[in-house]
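Chemist: Quick one: the structure is below, and I'll ask about it shortly.
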Amino acid sequence: MSNYNLLIVDDVPETVKTTGELLALHGFHVYTATNPEQALQVVEATRIHLVLLDLCLTGDGNPSDGGLDLAQALDAAIPKIIITKFPSFDTLYRTLPAAGQNAFIVDYVLKQDGFEHLLQRIQDALEKHAPINWQLKIRFSERFPVWQRLSLARLTELIVPTSEDPMVEAQKIDELLRLLFRKHEEITIERVVSATQGRVALEVRGNHPERGNGHYLVVYGSKADVAVYEQQRQHYAPKDGDARVLHKEFTARIPGYTAYAYLLHGLRLASSVSLREFYHTADAASMTEVLDDLLRHVVQPWSARAPIVTNPKEAATFFRTWLHADSPTSAERQLQQCIARLAQATLRLGAFRINLVGQAIEFLLPDAEPAVRRLALPTNALRVEYLLSGSEHLVGTVNGAVDLETVLVDPERKGCTLIEFAHATRGPLCADYALLEHSLRLQLSSAVSLSTRLKCEAALLAMPNLTTPPDMTGLDPEVQKLMRAITRVRYLAGTFSPIRDLKAYHVGILFAALRHLLATPVENQEDPGILIKLVHSLLCASLIYDDLTREQEHVTVDQNQRIVTIHGREVPLTPQLLRLFTYLYERRNEVCTKKELLREALEMPDIKTSADVQRNESTLQNLISRLRQLIEPDFQRPIYLETVRSSGYRLKL
């Protein structure tokens, strides 16, 4: 019993002290409170397994329902025992079932029955309502390199990366696993199948004393995130039988967290391997066969049902959500920081390094020709409206999580099982195929140099459509094997789905690379393998971004016709707005002060002091507002013309 935390709430300090000391002697961790405020503070700061709650919290000798009020206020996932000394308790007992539906009141105890009776009821309540297996052996797989191995701390970091007290959250995460697998003797956490902030999906093998070994997908995290996952899985997951169906085995909940364990059906799953492992052991023909099975029989059945929406804004929203970055500005800042840290980390690799140079990035590759390759920074790709404008994009229900780790392969039959269904409700259909292709591309990072990778990227970018194979002249067999696998993904995407837009497909791969950069922590990474993969992702993103943005001049200004073309969209401007826009565009990405804009852009030379600026500020604000209405995709949420607080404005195009 020593692992259980009890909270005693009674407004008589002597009662709290005496009962607490007796329970402590029986091995419980005891917390106490003499009023509702203290009780709420304890529950907020500590994982409490059972609350002993005095019915009357007034202390004046009169019956009160203050205890029931507090029971309703406390977390509904915590079981509670009501304690009272009043003989009129029968009246309360008749109301308990209704109260218990919301407050999780599981029992009542009369004070006059004595401590031994109370102790027995506590033990019964814990066994029935908090059956945690403290003896469960939790192991983490050692099949992967040290830098990839899981731990309790790593799981905590994935689920609650912003936690102020990681130790407390780690205890909760450990306890939830013990609660979920309470009837098992031992479990082994094999790997993380997918991870988003607030939720992870784990592949787990468990040993049950009666049922033997089981193979599970465990979905684990905050109540809200796991609830959304379960709704989407039930609605979108393929229901074509065999091993592709997940059967929910058991559920566990503690305050703030929920976990589901799904049994992965099919005996052949016991010997299955991830698609990544299969890739490294199979030949090109076997890989093609597996990809056919995956894309035709798993991805395609639900992708084909997606509605077509030709709205770049919705596609842009999807990609930002996919990156777990609702704000383009904050996402750009995060990506900039990631690339800066990566640039520093590559210095110790020696063989190559990357540098940030203004709005570009330099790759220094001693074995390539030329040795220095400068490309545009892909951070502005997060403003994807202009990348997607001007062509039709398939937008609809997608999985968004089909990569080499989310797919299990049966080496005997070479059939595939997708074990992750973290659907986005709307998004480009090509996301599934693009993420799978980028996952395949990362396999090159351990086998080829960056100069060889440049050749592969150039060959893929040169493909005229999704169904024409790339030029593989001069590539070694291992690289050719991977290029054939990528070609198969593209062929099936272009043949068995409505995807026809190569540009939209490239945008999907660009965001898959950015997703890898944002999802992988660079700090304190000593293993060069992970840094090389990040550099490969950055190179992929930079090359695609450079290719996409080179296709069209982002902005042109026709002074005679007074027309500005922004990402292919013509915007007519008045002479005054044209002067303002031209001034901002010539100094794009720089902060232009209000004084400069009034004096120089709007040709008001009398503006000399801050008082002059204040008197004319409303004129400038009205012009900025009108300009935003004309050039912004959504003028209420400007992404091009940015207000810099207390300074002025900046045009980011």
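Each number in the working numbering corresponds to the 1-based position in the sequence shown with 315 added.
Ideal Cβ positions, reconstructed from N, Cα and C, are used throughout, including at glycine.
Keep in mind that this is a model prediction, so the values were computed, not measured.
Assuming T603 and R799 make a contact with CB atoms under 8 Å, what is their CB distance in whole Å?
Modeler: For the purposes of this step, residue 603 is taken as residue 288 along the sequence shown, with counting starting at 1. For the purposes of this step, residue 799 is taken as residue 484 along the sequence shown, with counting starting at 1. Yes, they are in contact, since the Cβ atoms of T603 and R799 sit about 7 Å apart, within 8 Å.
Chemist: Can you tell me the Cβ-Cβ gap for A354 and A360, rounded? I've got them flagged as a contact below 8 Å.
Modeler: On the sequence shown, position 39 is the one that residue 354 refers to. On the sequence shown, position 45 is the one that residue 360 refers to. Their Cβ separation, rounded to whole angstroms, is 11 Å, which puts A354 and A360 out of contact at 8 Å.
Chemist: When we look at the beta-carbon of R648 and count the other beta-carbons within 10 Å, is it buried (16 or more) or exposed?
Modeler: Counting from one through the sequence shown, the residue named residue 648 turns up at place 333. It is exposed - the Cβ of R648 has fewer than 16 other Cβ atoms within 10 Å.
Chemist: Closest to V837 by C-alpha separation, out of V699, I939, R656, would be which residue?
Modeler: For the purposes of this step, residue 837 is taken as the residue at position 522 of the sequence shown. Checked all of V699, I939, R656; the closest Cα to V837 is R656.
Chemist: Taking the continuous beta strand (DSSP E) assigned at T292, which residues delimit it?
Modeler: No answer is possible for residue 292: the residues shown for the chain start at 316 and end at 968.
Chemist: Around the Cβ of D555, are there at least 16 other Cβ atoms within 10 angstroms (buried) or fewer (exposed)?
Modeler: Here residue 555 is taken as the residue at index 240 of the sequence shown, counted from 1. Per-residue confidence for D555 stands at a pLDDT of 46, beneath the threshold of 50, marking its modelled position as unreliable; no derived number is given.
Chemist: Give, in chain order, every unbroken run of the alpha helix (DSSP H) that is at least 4 residues long and sits entirely within the region 416-462.
Modeler: The region 416-462 contains these whole alpha helix (DSSP H) runs: 430-444.
Chemist: Can at least three beta-carbon pairs, one atom from the region 567-576 and one from the region 687-698, be found at a separation below 8 Å?
Modeler: With the cut-off at 8 Å, the region 567-576 and the region 687-698 do not touch.
Chemist: Report yes or no: do the region 853-862 and the region 714-728 share at least 3 C-beta pairs separated by less than 8 Å?
Modeler: Touching, no.
Chemist: Count the other CB atoms, across all protein chains shown, that sit within 10 Å of the CB of H753; report buried if there are 16 or more and exposed otherwise.
Modeler: Residue numbering aside, residue 753 sits at position 438 when the sequence shown is read from its first letter. Classification for H753: buried.
Chemist: Apart from the five residues on each side of it in sequence, which residues of its chain come closer than 6 Å, Cβ to Cβ, to L389?
Modeler: Counting from one through the sequence shown, the residue named residue 389 turns up at place 74. Excluding sequence neighbours, L389 sits near V358.
Chemist: By a C-beta neighbour count over all protein chains shown, 10 Å radius and 16 as the cutoff for buried, is E336 buried or exposed?
Modeler: For the purposes of this step, residue 336 is taken as residue 21 along the sequence shown, with counting starting at 1. So E336 ends up on the exposed side.
Chemist: Locate the beta strand (DSSP E) running through G529, then write down its first and last residues.
Modeler: For the purposes of this step, residue 529 is identified with residue 214 of the sequence shown, where counting begins at 1. Element bounds for G529: 527-537.
Chemist: Under three-state DSSP, which class holds F565?
Modeler: If you number the sequence shown from 1, residue 565 lands on position 250. F565: strand per DSSP, three-state reduction.
Chemist: Which ranges does the alpha helix (DSSP H) cover as unbroken runs of at least 4 residues, wholly within the region 639-700, from first to last along the chain?
Modeler: Segments of the alpha helix (DSSP H) lying fully in the region 639-700: 643-660.
Chemist: How far does the alpha helix (DSSP H) with G335 in it reach, from first residue to last?
Modeler: Residue numbering aside, residue 335 sits at position 20 when the sequence shown is read from its first letter. From DSSP, the alpha helix (DSSP H) with G335 extends over 328-340.
Chemist: Assuming A631 and A749 make a contact with CB atoms under 8 Å, what is their CB distance in whole Å?
Modeler: Walking along the sequence shown from the start, residue 631 turns up at place 316. Walking along the sequence shown from the start, residue 749 turns up at place 434. Not really, about 15 Å apart at Cβ, beyond 8 Å.
Chemist: If you measure between the beta carbons of A808 and L703, is that distance less than 8 Å?
Modeler: As a position in the sequence shown, residue 808 is number 493, starting the count at 1. As a position in the sequence shown, residue 703 is number 388, starting the count at 1. Contact flag unset, no.
Chemist: How should F667 be labelled, buried or exposed, when 16 other C-beta atoms within 10 angstroms of its C-beta is the threshold for buried?
Modeler: For the purposes of this step, residue 667 is identified with residue 352 of the sequence shown, where counting begins at 1. With 16 or more Cβ atoms within 10 Å of its Cβ, F667 is classed as buried.
Chemist: Taking the CB atoms as reference points, tell me whether R568 and A392 lie closer together than 8 Å.
Modeler: As a first step, residue 568 must be located in the sequence shown, where it is residue number 253. As a first step, residue 392 must be located in the sequence shown, where it is residue number 77. Against a cut-off of 8 Å, the Cβ pair of A392 and R568 comes out as a contact.
Chemist: For A574, which residues does DSSP report across the bridge?
Modeler: For this step, residue 574 is matched to residue 259 along the sequence shown. Note: A574 sits in a beta bridge opposite Y535, A567.
Chemist: Classify S760: buried if its beta carbon has 16 or more other beta carbons within 10 angstroms, exposed otherwise.
Modeler: Position 445 of the sequence shown, counted from the first residue, corresponds to residue 760. Under this definition S760 is a buried residue.
Chemist: From the DSSP output, which residues share a beta bridge with H344?
Modeler: To locate residue 344, count along the sequence shown from 1; it is residue 29. Looking at the DSSP assignment, H344 forms a beta bridge with N320.
Chemist: As a quick exercise: from L671, T566, A660, V710, pick the residue whose alpha carbon is nearest that of P446.
Modeler: As a working note, residue 446 is residue 131 in the sequence shown. Out of L671, T566, A660, V710, T566 has the C-alpha closest to the C-alpha of P446.
Chemist: Are the beta-carbon atoms of L846 and T644 separated by less than 8 Å?
Modeler: The residue labelled residue 846 in the question sits at position 531 within the sequence shown. The residue labelled residue 644 in the question sits at position 329 within the sequence shown. Taking 8 Å as the Cβ cut-off, L846 and T644 do not qualify as a contacting pair.
Chemist: If you draw a straight line from the alpha carbon of E913 to that of E947, how long is it in whole angstroms?
Modeler: Walking along the sequence shown from the start, residue 913 turns up at place 598. Walking along the sequence shown from the start, residue 947 turns up at place 632. Before going further, note that residue 913 is Leu rather than Glu in the sequence given. Approximately 22 Å between the Cα atoms of the pair.
Chemist: Do you know how far the Cα of Q876 is from the Cα of A658?
Modeler: For the purposes of this step, residue 658 is identified with residue 343 of the sequence shown, where counting begins at 1. For the purposes of this step, residue 876 is identified with residue 561 of the sequence shown, where counting begins at 1. Rounded to the nearest angstrom, the two C-alpha atoms are 45 Å apart.
Chemist: Assuming contact is defined by CB atoms lying nearer than 8 Å, are V909 and V879 in contact in what I supplied?
Modeler: Looking up residue 909 in the sequence shown gives position 594. Looking up residue 879 in the sequence shown gives position 564. Residue identity check: residue 909 is Lys in the sequence provided, not Val. No.
Chemist: Roughly how many angstroms lie between the CA atoms of S478 and L833, to the nearest whole one?
Modeler: The residue given as residue 478 occupies position 163 in the sequence shown. The residue given as residue 833 occupies position 518 in the sequence shown. About 18 Å.
Chemist: In this structure, how does DSSP classify E518 when only helix, strand and coil are distinguished?
Modeler: As a working note, residue 518 is residue 203 in the sequence shown. If DSSP states are grouped into helix, strand and coil, E518 belongs with the strands.
Chemist: Anyone know if the C-beta pair for Y964 and P693 falls short of 8 Å?
Modeler: Position 649 of the sequence shown, counting from 1, holds the residue named residue 964. Position 378 of the sequence shown, counting from 1, holds the residue named residue 693. Not in contact: Y964 and P693 (Cβ atoms no closer than 8 Å).
Chemist: In the structure shown, what three-state DSSP assignment does P378 receive?
Modeler: The residue you call residue 378 lines up with position 63 of the sequence shown. Low confidence applies here, because P378 scores a pLDDT of 49, under 50, leaving its location unreliable; read the following figure in that light. Here P378 sits in coil by DSSP.
Chemist: Count the other CB atoms, across all protein chains shown, that sit within 10 Å of the CB of S933; report buried if there are 16 or more and exposed otherwise.
Modeler: Start at 1 with the first residue of the sequence shown, and residue 933 comes out as number 618. Exposed is the call here.
Chemist: Might you give, ordered along the chain, the residues of its own chain that have their beta carbon closer than 7 Å to the beta carbon of N320, omitting 5 neighbours on each side?
Modeler: Reading the sequence shown from its first residue, position 5 is the one you call residue 320. Only H344, Y346, T361, R362, I363, H364 meet the Cβ criterion.
Chemist: Going along the chain, which residues of its own chain have a beta-carbon closer than 8 Å to the beta-carbon of P920, five neighbours each way excluded?
Modeler: As a working mapping, residue 920 is identified with position 605 in the sequence shown. For P920, where only same-chain residues beyond five positions count, the Cβ hits under 8 Å are R914.
Chemist: By the 10 Å Cβ neighbour count, where 16 or more other Cβ atoms means buried, how is D557 classified, buried or exposed?
Modeler: In the sequence shown, counting from the first residue as 1, residue 557 sits at position 242. Reliability of the predicted coordinates at D557 is poor, the pLDDT of 41 falling under 50, and the value obtained from them is presented with this limitation in mind. With fewer than 16 Cβ atoms within 10 Å of its Cβ, D557 is classed as exposed.
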